[in-house]
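Each number in the working numbering corresponds to the 1-based position in the sequence shown with 64 added. The beta carbon of each residue, even a glycine, is placed where N, CA and C say it ideally should be. Since we're looking at a predicted model, the values are computed, not measured. This report refers to the structure that appears directly beneath it.
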Amino acid sequence: MRIVLKGDIVRTKSGMTGEIVEVWGIARTFFRFRPEEGKSVPIMEKDISEIVERPVKRSKSRAAR
Numbered sequence: 065m066r067i068v069l070k071g072d073i074v075r076t077k078s079g080m081t082g083e084i085v086e087v088w089g090i091a092r093t094f095f096r097f098r099p100e101e102g103k104s105v106p107i108m109e110k111d112i113s114e115i116v117e118r119p120v121k122r123s124k125s126r127a128a129r
């Protein structure tokens with residue numbers, strides 16, 4: 065099981081790559097997926113094959129160093 069977060073760049077089982085712009089659901093997780101070209105579409109968690117990139121947030125304490 066993988067945890068997909070808003071802002072992650074993912075690859076779908078169909079080969080498309082794009083950004084997750086919204087996450088919702090309890091029993092089944094759904095995502096709003098924005099491909100590199102085109103409008104965002106809803107997809108299910110089972111349609112994601114891998115997380116390509118996850119943006120890194122710097123904590124305030126590390127940024128001050």
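* To do: Would you tell me roughly how many angstroms separate the C-alpha atoms of T93 and P106, rounded to the nearest one?
  => 11 angstroms
* To do: State the Cα-Cα distance for the pair M108 and F95, rounded to the nearest angstrom.
  => 6 angstroms
* Give the DSSP-derived three-state secondary structure of E109 in the structure shown. => helix
* Based on the DSSP secondary-structure assignment, which residues constitute the bridge partners of I73? -> E83, E117
* Asked: Can you tell which of M80, S104, V68 has the C-alpha that lies nearest to the C-alpha of G89?
  -> V68
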